[in-house]
Every structure is written in structure tokens, then in C-alpha cells.
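See structure below.
Numbering (the working numbering), first residue to last: 1 to 242.
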């Protein structure tokens with residue numbers, strides 16, 4: 001399974017997704033959008049991963065490559081590629097499929113509990129219905145107004161829209177399942193200094209102290225990627241030439 005990721009900021013890479021790909025022998029490469037690298041064609045990947053970033057989906061004047069990125073995401077969805085959007089990536093996916101992105105009632109930064117519901121969708125993505133789990137968040141915007149073909153399956157106290165599945169092949173997660181120790185430290189180093197107190201905003205020290213939650217986050221990530229891999233293998237078997 002060929003994996004391609006879209007990276008918006010130099011310090012915010014694929015984290016645990018790269019570790020999973022290596023353990024499975026799947027090739028993975030990426031486009032560094034901040035460096036104006038060329039985007040791939042949908043035929044060049046089986047799974048498109050859209051990473052996070054500090055910009056908004058509507059900041060196309062400041063970041064012109066966002067428009068081309070949205071076109072690629074739309075083509076990937078239309079052509080039946082697997083798509084996984086994380087934080088900003090989930091918002092971009094939601095925008096492309098007909099939802100809207102707006103300011104959340106609260107900034108949500110740090111380790112906060114996510115609750116999973118809609119058992120059919122959650123079980124299809126994780127193998128079972130996960131219990132409440134503390135996961136890493138770093139956002140002020142969120143997705144909303146999803147189309148009928150999208151199923152919302154996760155929420156938190158500070159943000160009701162945390163995860164959705166679209167057409168059984170595209171997944172948007174407002175939280176950072178890909179986080180590992182290196183990316184957590186980099187995120188705090190690069191973005192932690194500007195944090196101001198708010199109801200759901202933790203201090204840099206609290207965020208780093210929450211590293212014990214990474215193990216549970218990574219287990220969920222690997223379960224999700226295993227399920228996406230199974231969808232890919234089923235698609236291959238259904239289209240194999242006799």
C-alpha cells in the first residue's frame with residue numbers, strides 16, 4: 001500500500017504513521033507544502049494522509065498551495081483512494097466534501113478525553129468501539145455541517161465534532177493520533193510559547209507531562225491503519241484480474 005502524506009509545517013511530520021508503515025513494509029513519502037513541492041497524482045498513492053498545521057483552510061491568499069491541495073483531496077475522494085485527515089487535515093477533508101469549517105467555541109490544546117459513539121462506524125475503523133481515551137489536541141477551528149454521507153463517531157467536552165467517516169473510505173480526526181514523543185516535543189517547542197490560559201488549553205508543562213497517553217493513542221492509530229489496510233486489500237481482491 002503506497003502512502004503519501006501532505007505536510008504543512010516543517011516540524012509537524014507523520015510521526016507514528018511512519019513507524020506503522022515501516023513495520024508493514026509499506027512505502028511512504030510526502031509533499032512538503034511549505035517548501036512549494038509538487039503534489040502527486042491520485043494514481044501515485046493508495047492512502048493519502050493530510051497532516052495538521054497552524055493555518056486555516058480558508059487562508060488561501062497567504063498559502064496559495066491550499067487551493068491545489070484541496071483539489072488533490074477532492075480527486076482522491078472521487079477516485080476512491082483512502083484518505084486520512086488529522087486536525088487541519090480533517091478540516092480540509094470536511095471542506096472538500098461539502099462541510100464547513102468554523103471557529104470552535106473553545107480552543108482545545110493538550111490532552112483531553114475523546115468519547116466514541118456510533119458503534120457501526122467506530123467498529124469498522126478500530127475493530128471495536130473504543131472507550132473514552134485522552135488524546136492530543138491542538139486546534140481553534142473545527143469542522144461542522146457535514147454532508148449526509150458523513151458519519152460523526154467521536155466527540156469531546158470542548159468540541160462536539162471530533163471524528164467522521166465519509167463514504168467508508170475517508171476519515172477525518174480532529175485529534176492527533178499520529179503524535180509520538182519526538183513530534184510532541186517539537187510541537188511544544190515550536191508552538192507552546194504563545195499559549196494563553198483558557199478552559200481547554202493546557203500549559204506546555206502539562207502537555208509534555210501527558211506523554212504517558214501516547215501509548216494508548218498509538219494503539220488506536222495502529223488499529224485504524226490496520227483497518228484501512230484491510231479495506232485496501234479487499235479492494236485489490238475485488239479488482240484482481242482472473
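Positions of the beta carbon are idealized from the N, C-alpha and C atoms, including for glycine.
- Message: Across the stretch 204 to 220 and the stretch 30 to 42, are there enough close Cβ pairs to call them in contact, namely three or more that are closer than 8 Å?
- Response: By the Cβ criterion, the stretch 204 to 220 is not in contact with the stretch 30 to 42, since fewer than three pairs of Cβ atoms, one from each stretch, lie closer than 8 Å.
- Message: Any contact between the stretch 104 to 115 and the stretch 132 to 144? By contact I mean 3 or more CB pairs, one from each, below 8 Å.
- Response: Counting Cβ pairs under 8 Å, three or more are found: they touch.
- Message: My assumption, with CB atoms under 8 Å, is that residue 94 sits in contact with residue 172. Please give the rounded CB distance.
- Response: The pair is a contact, with the Cβ atoms about 6 Å apart (cut-off 8 Å).
- Task: Using the DSSP secondary-structure output, state which residues sit across from residue 9 in a beta bridge.
- Result: Paired residue(s): none; residue 9 is not in a bridge.
- Task: Whole angstroms is fine: what's the gap from residue 147's alpha carbon to residue 80's?
- Result: Here the C-alpha atom of residue 147 lies approximately 17 Å from the C-alpha atom of residue 80.
- Message: Here's the rule: buried if 16 or more other CB atoms are within 10 angstroms of the residue's CB, otherwise exposed. What is residue 11?
- Response: Exposed is the call here.
- Please state whether DSSP places residue 134 in a helix, a strand or coil. Under the three-state reduction of DSSP, residue 134 is assigned to strand.
- Task: Could you spell out the range, first to last residue, of the alpha helix (DSSP H) harbouring residue 77?
- Result: Counting along the chain, the alpha helix (DSSP H) containing residue 77 begins and ends at 65 to 78.
- Message: Our contact map puts residue 164 next to residue 150 with C-beta atoms below 8 Å; I'd like the distance itself, whole angstroms only.
- Response: The beta-carbon separation of residue 164 and residue 150, rounded to 5 Å, stays under the 8 Å limit for a contact.
- Query: Between residue 246 and residue 174, what straight-line distance do the alpha-carbon atoms span, to the nearest angstrom?
  - Reply: Outside the displayed span of the chain (1 to 242) sits residue 246, for which this structure offers no information.
- Any contact of the stretch 67 to 82 with the stretch 114 to 121, i.e. 3+ C-beta pairs under 8 Å? The way I'd put it, the stretch 67 to 82 doesn't touch the stretch 114 to 121; fewer than three beta-carbon pairs between them come closer than 8 Å.
- Residues of its chain near residue 185, where Cβ-Cβ distance is below 8 Å and the 5 sequence neighbours each way are ignored: Leaving aside the five residues that flank residue 185 on each side, the residues in its chain whose CB is nearer than 8 Å to its CB run, in chain order, 208.
- Starting from the Cα of residue 57, find the closest Cα among 71, 47, 45 and give me that residue. Comparing C-alpha distances from residue 57 to each of 71, 47, 45 shows the shortest one belongs to 71.
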